[in-house]
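**Student:**
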Amino acid sequence: MTTTDLTPEDGRAVAPPAAAVSSPAPAGRPALFLPPLIALSLGYFLVMLDVTVVNVAVPEIRTALDTGPSALQWIVDGYSTVFAGLLLLGGGLADRLGHRRMFLTGLGVFTAASLVCGLAGGSGTLIAGRLAQGAGAALLVPASLALLQATYPDRAVRARAIAVWGAVASIAFGAGPAVGGLLVSGLDWRSVFWLNLPVAALAVALTLRHVPATARKTPVRRMDPAGQVLGIVGLVALAGGLNEAGSHGWTSPLVLAAFGTSAACLTAFALVERTLEARERAGRGRRAPLLPPSLFRSGAFTATAAIGLLISLGYYGMLFLTTLYFQQERGFTVLATGLALLPSVCMGLVAAPLFSRLAARTGPYVPMAGGLALGTVGFLGWLTARPDTPYPVLLFALIATGLGQTMTALAATAAIIESAPASGAGIASAVFNVARQVGSAVGVALFGTLAAAAGDFTSGLRLSAGIAAAAFATGTVLALGGGGGAAGRPPPAPTT
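Residues in the sequence shown are numbered consecutively from 174, following this note's numbering.
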């Protein structure tokens with residue numbers, strides 16, 4: 174594939190690579206140029222690996238740093254809380270300042286934060302490092318998706334690129350506990366953070382050499398500080414409240430205060446953004462909205478964002494419960510539990526090639542609907558779960574939910590890219606990732622509460638499986654109506 178001619182942020186021309194290393198492609202189909210994809214996939218690999226790799230190191234961290242339960246919770250959950258809270262800001266900055274620039278900035282922040290975590294001598298330093306890791310992740314993920322859109326303009330090639338990008342993330346997430354276990358047992362807990370340094374260095378080197386900087390227009394309007402502050406506080410309060418709900422209860426003063434703060438800030442955020450865009454359209458605006466409400470005029474964009482929330486709510490909520498099921502109800506060790514979940518969490522290896530073939534022919538909505546329908550049936554399979562249910566009986570549910578979720582996530586990522594204008598690719602991808610982060614937090618908190626409140630754990634598991642199936646079934650309906658007519662057209666480009 175010939176690299177698209179793009180103009181970087183500093184105005185210099187970027188020459189196409191002298192030698193293109195491409196994956197084989199059928200006759201008549203453009204080849205997939207690999208080096209940019211490897212760079213972008215490595216960045217996302219780090220983000221997803223650090224969601225789960227630290228969990229295994231928690232006992233060692235508690236002993237080594239004499240850390241209490243509250244600090245341990247922030248070491249684990251602080252990363253995802255800040256990640257969710259800063260995603261909109263990261264997407265907006267990427268669209269304004271340049272996608273490659275923000276991708277590299279995010280990688281730099283993430284790497285420096287990993288170094289802080291690895292050198293931490295106390296829980297306070299480690300928590301600060303984890304929060305900074307979340308900030309770096311929020312900068313690089315929206316920029317990574319926008320760079321995929323710019324680097325692979327051909328729809329079929331882009332579908333293959335997204336399949337690889339998503340499969341790498343799926344493998345990183347699933348391998349996190351196993352990788353963490355090997356590193357902690359072979360070295361110590363600090364090694365889970367040292368691992369990030371060489372991977373990030375390789376990603377930076379490949380990005381500088383092979384990822385062209387996207388063209389950027391100098392913004393006519395100033396930035397939106399009120400929207401940025403309201404969005405950050407609202408999302409951080411929401412994510413923090415959901416994280417605390419699982420341990421403190423939904424009616425605790427801390428959780429209610431967090432939800433109240435989130436509701437007030439996000440309502441004010443919506444009003445500010447609507448006002449700024451209205452002034453801009455009237456020619457009286459001096460500031461550009463961080464999140465233009467016009468993005469949601471596309472039915473495809475809105476439906477796909479909702480699907481992102483639904484699949485994360487159902488899948489990650491159930492993944493949390495099934496982990497507890499194998500450990501508490503079945504007596505599996507951590508390693509045995511990881512192996513038992515492999516048929517679900519590693520379905521990216523199957524979903525990626527299947528999605529790339531289907532999407533190249535049909536677009537993203539057919540595989541999206543198929544993945545959601547498969548996931549719906551898979552969650553219904555968990556209705557047979559009992560403390561003594563043979564593992565082979567549960568194998569279909571594990572495979573179907575893993576394959577369905579991964580297929581849907583890949584298709585939804587492609588749909589978000591297609592439904593967003595190039596000038597708003599960063600913020601569009603940020604909205605999608607915010608929806609997924611919120612869905613995951615809601616699912617874990619809600620399903621954990623249902624399991625704790627039920628008469629026995631498996632009753633709560635089965636009730637949660639029914640809710641997850643309903644979430645995926647709702648997503649199926651949205652996907653079936655998402656790709657046609659006006660819903661399939663991109664929204665108008667946000668003005669700047």
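Positions of the beta carbon are idealized from the N, C-alpha and C atoms, including for glycine.
(1) Taking only the alpha-carbon atoms, compute the straight-line gap between LEU312 and THR562 and give it to the nearest angstrom.
(2) Reducing DSSP to helix, strand and coil, say where ARG503 ends up.
(3) What number of angstroms, rounded off, separates the C-alpha of LEU508 from the C-alpha of THR496?
(4) My output table needs one value for GLY333: the three-state DSSP class, helix, strand or coil.
(5) Ignoring anything shorter than 3 residues or poking outside the region 345 to 389, list the beta strand (DSSP E) runs there in chain order.
(6) Can you give, in chain order, each stretch of the alpha helix (DSSP H) that sits fully within the region 603 to 658 and has at least 4 residues?
(7) Look up ARG460 in the DSSP assignment and say whether it is helix, strand or coil.
(8) Evaluate ALA378 with the Cβ neighbour count: other Cβ atoms within 10 Å of its Cβ, from every protein chain shown; 16 or more gives buried, anything less gives exposed.
(9) Whole angstroms are fine: how far does the CA of THR535 sit from the CA of ARG328?
(10) Is the beta carbon of LEU449 less than 7 Å from the beta carbon of GLY349?
(11) Could you give the uninterrupted runs of the beta strand (DSSP E) lying entirely in the region 509 to 595, keeping only those of 3 residues or more?
(12) What's the C-alpha gap between VAL428 and TYR217?
(13) Are there 16 or more other CB atoms within 10 angstroms of the CB of PRO398, so buried, or fewer, so exposed?
(14) Could you name the residues of the same chain whose beta carbon sits closer than 8 Å to that of LEU653, not counting the 5 residues immediately before and after it, in chain order?
(15) Rounded to the nearest angstrom, what separates PRO315 and GLY628 at their Cα positions?
(16) Rounded to whole angstroms, what is the Cα-Cα separation between ALA257 and LEU567?
(17) Give me the Cα-Cα distance between SER471 and PHE432, rounded to the nearest whole angstrom.
(18) Give a yes or no on whether the C-beta atoms belonging to GLN578 and ILE484 are separated by under 7 Å.
(19) If you draw a straight line from the C-alpha of SER602 to the C-alpha of ALA319, how long is it?
(20) Give the range of the alpha helix (DSSP H) segment to which PHE161 is assigned.
(21) Take the Cβ of PHE283 as the centre, count every other Cβ of all protein chains shown within 10 Å, and call the residue buried at 16 or more, exposed below.
(22) Which residue comes first and which comes last in the alpha helix (DSSP H) that contains THR434?
(23) Tell me which same chain residues have a C-beta within less than 6 Å of the C-beta of ALA186, skipping the five on either side of it?
(24) Name, in chain order, the residues that DSSP records as bridge partners for PRO493.
(25) Round the Cβ separation of THR254 and ALA437 to the nearest angstrom and send it over; I've been treating them as touching at under 8 Å.
(26) Beta-carbon within less than 7 Å of GLY616's beta-carbon, same chain only, minus the 5 sequence neighbours each way: which residues are those?
(27) Using the Cβ count rule (16 or more neighbours within 10 Å means buried), how would you classify GLN501?
(28) When we look at the beta-carbon of VAL220 and count the other beta-carbons within 10 Å, is it buried (16 or more) or exposed?
(29) Can you tell me the Cα-Cα spacing of ALA308 and VAL409, whole angstroms?
(30) Taking the C-alpha atoms as reference points, what is the distance between LEU444 and PRO465?
(31) Among LEU277, GLY297, ARG274, MET275, which residue has its Cα nearest to the Cα of LEU245?
(32) How far does the alpha helix (DSSP H) with THR240 in it reach, from first residue to last?
(33) Does the separation of the CB atoms of LEU381 and ALA441 fall below 7 Å?
(34) Are there 16 or more other CB atoms within 10 angstroms of the CB of ALA252, so buried, or fewer, so exposed?
**Tutor:** In short:
(1) Rounded to whole angstroms, the gap between the alpha carbons of LEU312 and THR562 is 44 Å.
(2) Of the three classes helix, strand and coil, the one that applies to ARG503 here is coil, per DSSP.
(3) Rounded to whole angstroms, LEU508 to THR496 spans 11 Å at the Cα level.
(4) Reading off the sequence shown, one finds Arg at residue 333, where the question assumed Gly. The three-state reading of DSSP puts ARG333 in helix, counting H, G and I together.
(5) Counting only runs of 3 or more, we get nothing.
(6) Scanning the region 603 to 658 for uninterrupted alpha helix (DSSP H) segments of 4 residues or longer gives 630 to 655, listed from N- to C-terminal end.
(7) In the structure shown, ARG460 sits in a strand (DSSP, three-state: E or B).
(8) Around the CB of ALA378, fewer than 16 other CB atoms lie within 10 Å, so the residue is classed as exposed.
(9) Roughly 11 Å separates the two Cα atoms.
(10) Against a cut-off of 7 Å, the Cβ pair of GLY349 and LEU449 comes out as no contact.
(11) If we require 3 residues or more, the region 509 to 595 turns out to have no beta strand (DSSP E) run fully inside it.
(12) For VAL428 and TYR217, the gap between their C-alpha atoms comes out near 31 Å.
(13) Flag for PRO398 reads exposed.
(14) Around LEU653, the same chain offers TYR538, ALA542 as residues with beta carbons nearer than 8 Å, after the five sequence neighbours per side are excluded.
(15) Cα-Cα distance, rounded: 42 Å.
(16) Cα-Cα distance, rounded: 32 Å.
(17) Distance from the CA atom of SER471 to the CA atom of PHE432, rounded to whole angstroms, is 28 Å.
(18) Result yes, Cβ atoms of GLN578 and ILE484 sit closer than 7 Å.
(19) Those two C-alpha atoms are separated by around 7 Å.
(20) Any question about residue 161 goes unanswered here, given that the chain covers just 174 to 669.
(21) It counts as buried.
(22) Its alpha helix (DSSP H) spans residues 426 to 454.
(23) Confidence in ALA186 is poor, its pLDDT being 37 and thus under 50, which makes the residue's placement unreliable; the coordinate value appears in the next sentence. Nothing listed; no residue qualifies.
(24) The question names Pro, but residue 493 in the sequence shown is Phe. Answer by DSSP bridge pairing: none, since PHE493 is not bridged.
(25) Taking 8 Å as the upper bound for CB-CB distance, THR254 and ALA437 are not in contact here, some 18 Å apart.
(26) Correct list, in chain order: SER485, LEU486, GLY487, TYR489, GLY490.
(27) Around the beta carbon of GLN501, a 10 Å sphere encloses fewer than 16 other beta carbons of the protein chains shown; the residue is thus reported as exposed.
(28) Answer is buried; the Cβ neighbour count reaches 16.
(29) Spanning the two alpha carbons is a distance of roughly 12 Å.
(30) Each residue's alpha carbon lies about 11 Å from the other.
(31) LEU245 has its Cα closest to that of GLY297, out of LEU277, GLY297, ARG274, MET275.
(32) That residue, THR240, is in no alpha helix (DSSP H); it is neither H nor E in DSSP.
(33) No, these two residues do not count as a Cβ contact at 7 Å.
(34) According to the sequence as given, residue 252 is Tyr; it is not Ala. The residue is buried, with at least 16 neighbouring Cβ atoms inside 10 Å.
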